[in-house]
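Just below is one structure, and these are the notes that go with it.
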Amino acid sequence: MPPVFCVVNEMEGLKFHFDIDGGDFASAGEASVETKKKLRQMGFPPDVIRRCAIAMYEGEINMVIHAHGGVADVEVFPERIVITLTDHGPGIPDVSLAMQEGYSTATEQIHDMGFGAGMGLPNMKRYTEDLKIETKVGVGTKVTMVVDVS
Amino acid sequence: MTIREIAQLLDAKALSGNDLLDTAVQDVFCCDMMSDVLAFATNQSVLITGLVNSQVIRTAMMLDMRCIVFVCSKMPSEEVVSLAEDNDIVLLTTAHYMYTTAGRLYATGLLRGE
Chain W
1 MPPVFCVVNE MEGLKFHFDI DGGDFASAGE ASVETKKKLR QMGFPPDVIR RCAIAMYEGE
61 INMVIHAHGG VADVEVFPER IVITLTDHGP GIPDVSLAMQ EGYSTATEQI HDMGFGAGMG
121 LPNMKRYTED LKIETKVGVG TKVTMVVDVS
Chain L
151 MTIREIAQLL DAKALSGNDL LDTAVQDVFC CDMMSDVLAF ATNQSVLITG LVNSQVIRTA
211 MMLDMRCIVF VCSKMPSEEV VSLAEDNDIV LLTTAHYMYT TAGRLYATGL LRGE
């Protein structure tokens, strides 16, 4: 999955944009894989790449499972990487509950695929320096994650 | 320990990455929940699992894992094998149950990947 565009701008950093297909669980994660490859090509430390890839992957899976897809934007700065995931899904009624390890609303079918254990959002928090969730029931969710490079 | 030695120990068949069987590995993680793998496994482990979908391969890619062992003679689709092949991940399949598979590897002294 190549990014739709990338822009070099000293003030805004390097940007990648991905459309996340919500109808195909098998292809979920392609944007995260592509982002990981880009970060590796740019020479970021392995730990930074790993944390970005895992956090974005969990978010991408969440968008496919719960929100019928969405968009992912990655902004790369020398000192930090900002990952923004935006969807127009059902929203999260209780964010604090959703942040608890083990809490999940995923279906049995999703469990059978190895996800839906209630570790998605906790993992996104675990691997990032900052996690911001803006959500409105019936409207959608925007998740912004920051990974510091240092 | 090399992946080839793991394959011999588990009477396993390689489905991808035949040219990577002499890669050395140091630890193992055993789980069917991919989010738990992402949360607790270390880089470059071997993953033992009973799941055979594409997300198992992508989870392994996120952690730079070198080898996945499918238990109970589970066989992934051709698409999943191709995804692993394209990303230099060795897939092994063994007839042993997960408990036996993990036990045999644990007994060799391989670390637990925690």
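Chains W and L are the protein sequences, given in the same order. Heads up: the first sequence begins at 1 in my numbering, then just goes up one per residue. Heads up: the second sequence begins at 151 in my numbering, then just goes up one per residue. Just so it is clear, CB atoms sit at the ideal spot from N, CA and C, and this is done for glycine as well.
From the DSSP output, read off the bridge partner residues of residue 145(W).
83(W) and 131(W)
Would you mind reading off the limits of the beta strand (DSSP E) that contains residue 197(L)?
196-199 is the extent of the beta strand (DSSP E) around residue 197(L).
Cβ-Cβ distance between residue 189(L) and residue 124(W) below 8 Å
no
Are there three or more Cβ pairs, one per stretch, closer than 8 Å when the region 72-88 of chain W is compared with the region 165-179 of chain L?
no
How about residue 163(L) and residue 250(L): do their beta carbons lie closer than 8 Å?
no
Beta carbon of residue 86(W) nearer than 8 Å to that of residue 36(W):
no
If you compare alpha carbons, which of 28(W), 71(W) and 113(W) is closest to residue 84(W)?
71(W)
Which residue wins for smallest C-alpha separation from residue 49(W), given the options 191(L), 213(L) and 208(L)?
213(L)
Using 8 Å as the threshold, is the C-beta distance between residue 184(L) and residue 25(W) below it?
The answer is no: Cβ separation not under 8 Å.
Could you check where the beta strand (DSSP E) with residue 71(W) kicks off and where it finishes?
69-76
Quick one: is residue 63(W) near chain L, going by C-beta distance under 8 Å?
no
Going by DSSP, name the residue or residues bridged to residue 261(L).
177(L)
Tell me which same chain residues have a C-beta within less than 6 Å of the C-beta of residue 133(W), skipping the five on either side of it?
95 and 143, listed in sequence order.
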